[in-house]
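Protein chains in written order, with the numbering used here: chain A, 594 to 880; chain B, 982 to 1032.
The beta carbon of each residue, even a glycine, is placed where N, CA and C say it ideally should be.
None of these values were measured; they are calculated from a predicted model.
Step one of this worksheet: look at the structure below.
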C-alpha cells in the first residue's frame, strides 16, 4: 500500500473512531462534534467524531436567523488556503471509498474531453444552489430550512450514515420511503460510475471539492514545475487520473494532489510543497 | 517597485488567512459553534434519507 493510501486510511479511521456506534446503531454525541473535519464525512455516520463542513454549513443556514455560516466559511477558507484540494486526495473518506471501488478489475473508461470540460462545472452549481442558495432563500418565517444537498444529493450520507444506522435500527427502517430509495439510487449510480471512472463524485458533484478547488492556485501547498528541467515529455499528464494537463497548469482547479505526476516525471521536474520564497515561472510548457 | 507574482500571492495568502480567522471568530461569537454541535449530535434524518 502506498503512502497516500496509508494516510487516507489512517485519517478515515481516526475521524471515524467511534466504532461502537456501528454495532449499537447510535452516533457519537460528544463535544468534538463542534469541530469540522476537512473532508466529506457525514456527521450521522455512527463512527464520526467530527462534523461534515457541508452538512454543518447547511445546518447553520437552516437554523434560526444565522444566514451563511461565518464559522464554517472561515474554516473552509483556512483549510483551502493551507492545502487546497490536497484534502480531496489525502484526507477525504468518501474519496478513499471511490478509489477503492475503482481498483476493481474492470475495463476503465475515459470521459471524453468535451464532456469532462462541461461536467466539471456542475459541482460549482451544486455548491451555489444546493449548499448556499436554497437553504438560505427557502428559510421559513422561523428561519428554518432544509439541508438540500444532504437531503437530495449526498451519497456519502446514505453510505456512511443511512445504511449502518438503518441496519441496526428497526424504527428507522420502518420510516424509509421514496427519499431513501432516491438516495440509494444515487449511491448505486456513484458506485457503478466509480468502478469505471476515477472519482466521478469528486470530479463532477462534490461541493466541498468545488470550494477547495478555488484555492488550488493560491494555496500554501502547491505544485511547481522546474521549467529548466522539464523536457515536455507529457508523462505527467498521461499519468493524471483527473485528466489534467499538468505541464500546462500544475495548480489546476481539478488537481487533488495525488502525486501521480510527481512519481511519473522521469527527470524530477515536479515538486509539491510550500512556495513562499522560491522563484518559479509559470507559463507555457516547453514544446 | 512593481510587485512580483510571488509577492502578490503571499499578500493574498496573508489577507485570506486573516479573513478566515476573523470569520471563525465572528461565527464563534454568534454562537454558530454551539449550533453545529446541537445539529451534529442528533441523527440528521435528511442526511440519511428519511426526513
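With respect to the C-alpha of residue 787(A), the residue from 691(A), 624(A), 799(A) having the closest C-alpha is 691(A). Listed by position along chain A, the residues whose Cβ is nearer than 8 Å to that of residue 993(B) are 811.
Contact of residue 1001(B) with chain A is assigned, a C-beta pair being separated by under 8 Å. Comparing alpha carbon positions, the residue from 730(A), 701(A), 778(A) closest to residue 834(A) is 701(A).
Within the segment 831-860 of chain A, no residue places its CB atom closer than 9 Å to a CB of chain B. For the pair residue 674(A) and residue 812(A), the CB atoms are nearer than the 8 Å cut-off. DSSP, read as helix, strand or coil, puts residue 599(A) in helix. Looking from the CA of residue 639(A), the closest CA among 651(A), 663(A), 814(A), 612(A) belongs to 612(A). Under the Cβ criterion of 8 Å, residue 864(A) is not counted among the residues facing chain B.
Look at residue 814(A) here: in three-state DSSP terms it is strand. Put simply, the CB of residue 984(B) is far from chain A, with every gap to its CB atoms at 8 Å or more. Rounded to whole angstroms, residue 627(A) and residue 669(A) show a C-alpha spacing of 14 Å.
Counting of Cβ neighbours within 10 angstroms places residue 683(A) among the buried residues, the total reaching 16 or more.
Leaving aside the five residues that flank residue 1026(B) on each side, the residues in its chain whose CB is nearer than 6 Å to its CB run, in chain order, 1032. In the DSSP annotation of this structure, the continuous segment of the alpha helix (DSSP H) that includes residue 787(A) starts and ends at 771-789.
In summary, the residues of the segment 610-621 of chain A whose CB is separated from some CB of chain B by less than 7 Å are 620, in the order they occur in the chain. In this structure, residue 752(A) sits away from residue 789(A), with a CB-CB distance that is not shorter than 8 Å.
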